[in-house]
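A.B. asks:
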């Protein structure tokens with residue numbers, strides 16, 4: 003009997019030890035999981051590439067300067083620097099100094115688009131990554147369309163006394179969406195002061211999808227309008243539409259999505275094929291159709307696509323000796339084609355040789371900035387300007403429209419002595435706003 007009790011006691015003790023061991027293992031596993039969760043939550047965000055921010059900042063600073071300087075007739079002497087095409091200082095026949103910056107900005111998008119897709123793909127999966135980028139680019143088109151509706155629609159109603167009913171179908175549609183977007187922006191600002199995560203997410207989603215819908219509408223009218231270029235109506239264009247740099251960026255990004263999962267050599271081959279085909283078309287009578295629109299519309303987007311794809315190639319070659327070999331080769335080909343063979347080079351319609359030349363110049367500038375990545379001054383001027391480019395562009399554009407529309411007679415009478423302080427004050431305000439956003443690690447994206 004005592005022996006049985008002893009055996010039972012030993013068995014019970016053994017079971018307790020096994021249970022305790024299991025509890026220890028479970029606790030260790032939970033502690034490890036908690037540590038992993040903590041590391042994920044407290045992990046610092048990936049450091050931004052300074053050369054990209056600085057390059058983007060150079061482009062944005064140049065754009066805002068051109069906005070402000072263009073308002074004052076006192077700066078008419080700077081027309082060669084600010085002018086596009088034949089009106090500006092010629093870098094090469096057909097390409098002015100001012101023509102370089104829009105191309106550089108497209109090139110910068112190429113530097114980041116593949117990494118942006120891969121980052122989203124790791125977090126959300128391939129389908130959702132494609133969906134998010136598509137909504138983003140549609141939203142950029144939508145912002146451009148809404149700004150155009152404000153510039154060419156509502157400004158005419160408020161300043162020139164034109165009736166809303168007299169506006170084109172395009173401006174009516176986008177004009178209504180403009181005020182809905184303004185309401186949603188105000189709602190998003192209000193949501194920042196309300197302690198409700200779901201409300202903030204809903205406010206952000208509503209604005210994002212409204213901008214995407216505005217992008218779809220802008221694309222629709224652009225496609226209809228492009229059709230009227232080939233089959234013009236006797237009484238003129240029925241669907242009057244506008245196409246500017248933001249619409250152009252969005253459309254180029256959308257067209258680039260099918261090639262985003264290719265490796266760099268695949269994207270280089272696609273860019274080369276587009277270059278050859280588009281050049282053959284333009285050199286054989288197609289250029290008048292592409293040049294009908296300032297930024298090229300649907301036709302010109304293939305020229306801009308060359309720039310974006312080449313940017314996505316160069317970013318993966320930045321530590322390779324092929325980087326500078328390709329840069330020099332593209333520069334040589336473009337110069338020979340433009341100067342020696344007299345190929346059409348123009349930002350209007352984004353001809354392939356223009357895209358190739360600008361990509362080589364952009365690669366040289368960015369390549370030089372890469373050598374300065376280890377130089378981190380206390381105040382990085384262009385780095386600050388490049389941290390929130392979309393906000394700088396939209397706010398600068400709206401400021402230009404308001405100042406140029408409401409105060410044009412006043413500014414026309416202001417000389418250099420008065421114009422310079424105003425422009426400097428605006429640039430200082432923009433610099434401070436961007437600096438504050440960067441200091442708080444606030445990066446506003448679509």
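Residue numbers (the working numbering): 3 to 448.
A virtual CB, placed ideally from N, CA and C, is assigned to each residue, including glycine.
All values derive from a computational prediction rather than experimental measurement.
According to the neighbour-count rule (16 or more other Cβ atoms, all chains shown, within 10 Å of its Cβ), is residue 360 buried or exposed?
C.D. replies: buried
A.B. asks: To which residues of the same chain is residue 388 closer than 8 Å at the C-beta, ignoring the five residues directly before and after it?
C.D. replies: 54, 55, 56, 57, 58, 59, 60, 61 and 62
A.B. asks: Run through DSSP, which three-state label would residue 9 get?
C.D. replies: Low per-residue confidence applies at residue 9: pLDDT is 49, beneath 50, and the placement is therefore not dependable, though the value from the model is reported in the following sentence. Helix at residue 9.
A.B. asks: Would you identify the three-state DSSP class for residue 415, choosing helix, strand or coil?
C.D. replies: In the displayed model, residue 415 falls within coil according to three-state DSSP, outside both helix and strand.
A.B. asks: Which ranges would you report for the alpha helix (DSSP H) in the region 86–147 if only whole runs of at least 4 residues count?
C.D. replies: 101–126
A.B. asks: Confirm, please, whether the CB-CB distance from residue 312 to residue 2 is below 7 Å.
C.D. replies: Here the chain has residues from 3 to 448 only, and residue 2 is not among them.
A.B. asks: By Cβ distance, which residues of its chain are closer than 6 Å to residue 205, with the 5 residues on each side in sequence left out?
C.D. replies: 189, 190 and 193
A.B. asks: Does the distance from the CB of residue 439 to the CB of residue 390 come in under 7 Å?
C.D. replies: yes
A.B. asks: Apart from the five residues just before and just after residue 303, which ones in its own chain have a Cβ nearer than 8 Å to its Cβ?
C.D. replies: 250, 253, 254, 257 and 352
A.B. asks: Can you name, in chain order, every residue of its own chain whose Cβ lies under 7 Å from the Cβ of residue 158, other than the five neighbours on each side?
C.D. replies: 164
A.B. asks: Looking at the unbroken alpha helix (DSSP H) that takes in residue 366, where does it start and where does it end?
C.D. replies: 354–372
A.B. asks: Let me know if residue 306 comes out buried or exposed under the rule of 16 or more other beta-carbons within 10 Å of its beta-carbon.
C.D. replies: buried
A.B. asks: If you draw a straight line from the C-alpha of residue 341 to the C-alpha of residue 314, how long is it?
C.D. replies: 27 Å
A.B. asks: If you measure between the beta carbons of residue 398 and residue 161, is that distance less than 7 Å?
C.D. replies: no
A.B. asks: Does the Cβ of residue 107 have 16 or more other Cβ atoms within 10 Å, making it buried, or fewer, making it exposed?
C.D. replies: buried
A.B. asks: Are residue 146 and residue 248 close, meaning C-beta to C-beta below 7 Å?
C.D. replies: yes
A.B. asks: Considering only the alpha carbon of each residue, which of 211, 401 and 222 lies closest to residue 428?
C.D. replies: Of the listed residues, the one whose Cα sits closest to residue 428 is 401.
A.B. asks: Looking at residue 99: is its Cβ nearer than 7 Å to the Cβ of residue 83?
C.D. replies: yes
A.B. asks: Three Cβ pairs or more, each shorter than 8 Å: is that satisfied between the region 87–102 and the region 414–426?
C.D. replies: Contact fails: fewer than three Cβ-Cβ distances are below 8 Å.
A.B. asks: Rounded to whole angstroms, what's the CA-CA distance from residue 270 to residue 121? Just pull it up for me.
C.D. replies: A straight line joining the alpha-carbon of residue 270 with that of residue 121 spans about 22 Å.
A.B. asks: For residue 393 and residue 446, I'd like the C-alpha separation in whole angstroms.
C.D. replies: 7 Å
A.B. asks: Taking all protein chains shown into account, decide if residue 442 is buried (16 or more other Cβ within 10 angstroms of its Cβ) or exposed.
C.D. replies: exposed
A.B. asks: Report the option in 308, 434 and 223 whose CA atom is closest to the CA atom of residue 381.
C.D. replies: 434
A.B. asks: Which one of 141, 265 and 232 has the shortest CA to CA distance from residue 212?
C.D. replies: 141
A.B. asks: Please classify residue 344 as buried or exposed, where buried requires at least 16 other C-beta atoms within 10 Å of its C-beta.
C.D. replies: exposed
A.B. asks: By a C-beta neighbour count over all protein chains shown, 10 Å radius and 16 as the cutoff for buried, is residue 153 buried or exposed?
C.D. replies: It counts as buried.
A.B. asks: Find the nearest neighbour of residue 2 within the set 299, 321, 168 and 407, judged by alpha-carbon distance.
C.D. replies: What is shown of the chain runs 3 to 448, which leaves residue 2 out entirely.
A.B. asks: Look at the alpha carbon of residue 365 and the alpha carbon of residue 310, and state the distance between them as a whole number of angstroms.
C.D. replies: 12 Å
A.B. asks: For residue 29, collect the residues of the same chain with a Cβ closer than 8 Å to its Cβ; drop the 5 residues on either side in sequence, then sort them by chain order.
C.D. replies: Caution applies to residue 29, whose pLDDT of 49 falls short of 50 and renders its modelled position unreliable; the value that the coordinates give is listed next. Within the same chain, residue 29 has no close Cβ partners at all.
A.B. asks: Take the Cβ of residue 356 as the centre, count every other Cβ of all protein chains shown within 10 Å, and call the residue buried at 16 or more, exposed below.
C.D. replies: buried
A.B. asks: Hey, could you find the ends of the alpha helix (DSSP H) residue 300 is sitting in?
C.D. replies: 299–316
A.B. asks: From residue 437 to residue 386, what distance separates their C-alpha atoms?
C.D. replies: 6 Å
A.B. asks: With a threshold of 6 Å on Cβ separation, who are the neighbours of residue 266 within its own chain once the five nearest residues in sequence on each side are excluded?
C.D. replies: 315 and 318
A.B. asks: What does a CB cutoff of less than 7 Å around residue 91 pick up in its chain, not counting 5 residues either side in sequence?
C.D. replies: Excluding positions up to five away in sequence, the list reads 82, 83, 98 and 99.
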